[in-house]
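What follows is a set of notes on a single structure, which appears directly below.
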Amino acid sequence: MKKYLLLLLMTLFVLVGCGSSIHESVEDGDVGVPTEGQQTEDVKQTTSPDASSLDETATGKSETNEKAPSASKTDDMRVHFIDVGQGDGILIETVAGNVLVDAGNWNGRQVLDYLHQQQITHLDLVIATHPDADHIGQLPLILNQLTVDEIWMNGVESTSKTFENTLNIIDEKNIIYYEPEVGDGIDFGDVAIDVLGPITKTGDANRDSIVVKVTHGSNALLLTGDAGVKEEQALITRFGRELESDILKLGHHGSNTSTSQAFLNAVKPSIAIVSASANNSYGHPHADVLARVIQATINVYQTSKHGDIVFQSDGEVIKLIKAKDYTTRPEIEKEPELKEEASAKAEELETAKQPVSKDALEGCVDINDASKEELMTIIHIGDVRADELIRLRPFSSVDGLTRINGIGSGRLKDIKAENKACVR
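All letters in the sequence shown, in the order written, are residues -23 to -1, 1 to 401 by mature numbering (1 follows the signal peptide of the UniProt record, and there is no 0).
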């Protein structure tokens, strides 16, 4: 019996000793393949840095971000001017949502077909600038086939069947309905949509058109529906330089009831869009309007000639993505008075190129030490840009103003032509 007990104790001693040596071997890495549970634990330890390694990782990320595009770099936005014939239809496509401004004429389906082509099934916002059938014409089709979150209308009623159908579908589908006021706005990521008009409501469909400015970084687009010259003047009085935009869709399809010279001077677009059908009975765009635009060296795109027109903005640069190959500088016989105005403008620009006299320099606004209020008297320098200018001081020359967000070569040219800003 004692012999058996002795053998049992010796066996237990050997087993305990072997187990201890195996455990020590795993910890020391002597065993080639650890168990599954032990392998997982080792991986966790490897990928969970201590406080010092976290600091190093954070520092590495900071350095990477400094080399990446600046925070002001924005996501792309696309603006589609859809060829709807005689009417308006504009799609604003952003990474944060899709907005449709107007929906073509009642006797077509170009807008709906285009949205299908772009694989768009949902609209976050629809803006119907006014209830005319060439602006809300295809809304019933669109509202029935796509999902829509919200729709803005100007509150002017119409007796047309299209208008009645639109309101009925809005009610049936519980779509949010809103009549915006001046100062209202909505953001879609980096894209801001601000309501600028109508300044005063008259009850007239065209005059009460919803006017919106779409801003993406330093780029801007102005849409005025069918607002007329009086409404344009009200916008100038109320907003002044805030109207400045890269792209202007000409009011009322290029009719001479809109797009006054004063309005062009205030907006200063480099691109103008005419949304109208070829050989329409209204004569859109009217020759005098087209002449004013061409005289101002603005590139003109017409849906009747260029088809669907698409621009892309990265917040800094606007690029043409799609348009039929057709000249943007149509020849047109200018009226005598327009020729005289063009000559006077050329002479004015030539004068601006001349060296600035010492007396003129003494009366200028020194951008390095002028107050914010003084800086805001310079063309293109508003409240926000004045603050940025002050932050970026000093400047070695006026050319340095291009460091300010939104001031490119075109606006710098205007600033230098005004001959007010200087560096003493």
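Cβ coordinates follow ideal geometry from the N, Cα and C atoms, glycine included.
Please report the straight-line C-alpha distance between residue i and residue j, rounded to a whole angstrom.
i, j, result
"Leu199", "Lys226", "7 Å"
"Glu40", "Gly74", "Confidence at Glu40 is low in this model, with a pLDDT of 32, below 50, so the placement of that residue should be treated as unreliable; the coordinate-derived value is given next. Cα to Cα, the separation comes out at about 32 Å."
"Val188", "His107", "10 Å"
"Phe165", "Asp101", "9 Å"
"Tyr91", "Ile250", "18 Å"
"residue 408", "Thr236", "No information on residue 408 is available, as it lies outside the stretch -23 to 401 that the chain covers here."
"Thr143", "Pro371", "57 Å"
"Glu141", "Gly114", "11 Å"
"Ala110", "Asn233", "20 Å"
"Ser254", "Gly377", "44 Å"
"Val287", "Ser281", "14 Å"
"residue 407", "Leu173", "The question about residue 407 has no answer here: the residues shown for the chain are numbered -23 through 401."
"Leu123", "His99", "6 Å"
"Arg401", "Asp343", "6 Å"
"Asp360", "Gly66", "33 Å"
"Val76", "Arg380", "31 Å"
"Glu327", "Lys393", "With a pLDDT of 44 at Glu327, under the threshold of 50, the modelled position of this residue cannot be trusted, and the question is left open."
"Asp223", "Val266", "18 Å"
"Asn145", "Ser348", "56 Å"
"Asn84", "Asp60", "14 Å"
"Leu89", "Ala204", "25 Å"
"Gln22", "Leu68", "Reliability of the predicted coordinates at Gln22 is poor, the pLDDT of 32 falling under 50, and no value is obtained from them."
"Arg368", "Ile119", "48 Å"
"Gln94", "Ala211", "39 Å"
"Asn121", "Ile248", "34 Å"
"Lys296", "Thr136", "41 Å"
"Ala169", "Gly385", "20 Å"
"Cys399", "Val375", "6 Å"
"Lys38", "Asp52", "Only weak support is given to the placement of Lys38: the predicted model assigns it a pLDDT of 29, under 50, and the value that follows is read from those uncertain coordinates. Cα-Cα distance, rounded: 21 Å."
"Ile147", "Ala80", "15 Å"
"Ile128", "Ser373", "50 Å"
"Arg184", "Asn345", "44 Å"
"Gly231", "Asn242", "16 Å"
Could you tell me if residue i is buried or exposed, where buried requires 16 or more neighbouring beta carbons within 10 angstroms of its beta carbon?
i, result
"Asn196", "buried"
"Gly364", "Note that residue 364 is Asp in the sequence shown here, rather than Gly. Asp364 comes out exposed."
"Val78", "buried"
"Ile153", "exposed"
"Thr139", "buried"
"Tyr259", "exposed"
"Gly228", "buried"
"Glu158", "exposed"
"Lys245", "buried"
"Asn82", "buried"
"Lys301", "exposed"
"Val125", "buried"
"Arg388", "buried"
"Lys150", "exposed"
"Ala239", "exposed"
"Val72", "exposed"
"Gln279", "buried"
"residue 403", "Any answer about residue 403 is impossible in this case: the structure gives the chain only from -23 up to 401."
"Ala337", "Its pLDDT being 45, under 50, Ala337 is placed unreliably in this model, and the value from its coordinates should be taken loosely. The residue is exposed, with fewer than 16 neighbouring Cβ atoms inside 10 Å."
Within the continuous alpha helix (DSSP H) that includes residue i, where are the two ends?
i, result
"residue 403", "This structure does not reach residue 403, given that the chain is present from -23 up to 401, and the question cannot be answered."
"Thr143", "Lys138 to Glu149"
"Ile392", "Ser386 to Glu395"
"Asp360", "Asp360 to Leu369"
"Lys349", "Lys349 to Leu352"
"Ala239", "Gln238 to Val244"
I'd like the span of the beta strand (DSSP E) that includes residue i, first residue to last.
i, result
"Asn256", "Note, Asn256: premise wrong, no beta strand (DSSP E); not H, not E."
"Asn183", "From DSSP, Asn183 is part of no beta strand (DSSP E); its letter is neither H nor E."
"Leu173", "Val168 to Gly174"
"Phe165", "Gly162 to Phe165"
"Ala249", "Ile248 to Val251"
"Val191", "Val188 to His193"
"Val400", "No beta strand (DSSP E) holds Val400; DSSP gives it neither H nor E."
"Ile153", "Ile153 to Tyr155"
"Ile128", "Thr124 to Trp129"
9 Å is my cut-off, CB to CB: does residue i come that close to chain B?
i, result
"Thr177", "Looking for chain B here will not work: only one protein chain is present."
List in chain order: all unbroken alpha helix (DSSP H) runs of 4+ residues lying wholly within the region 205 to 236.
-> With a minimum length of 4 residues, the unbroken runs of alpha helix (DSSP H) contained wholly in the region 205 to 236 fall at 206 to 216.
Alpha helix (DSSP H) runs wholly inside the region 259 to 298, at least 4 long, in chain order | Uninterrupted alpha helix (DSSP H) stretches at least 4 residues long and entirely within the region 259 to 298 occur at 264 to 272 and 280 to 283, given in chain order.
Taking only runs of the beta strand (DSSP E) that begin and end inside the region 59 to 103, which ones reach a length of at least 3 residues, in chain order?
-> Entirely contained in the region 59 to 103, the beta strand (DSSP E) runs reaching 3 residues are, in chain order, 67 to 71 and 74 to 78.
Is it a yes or a no for the region 174 to 185 touching the region 125 to 137, going by three-plus beta-carbon pairs under 8 Å?
-> In this structure the region 174 to 185 lies against the region 125 to 137, because at least three pairs of beta carbons, one per stretch, are closer than 8 Å.
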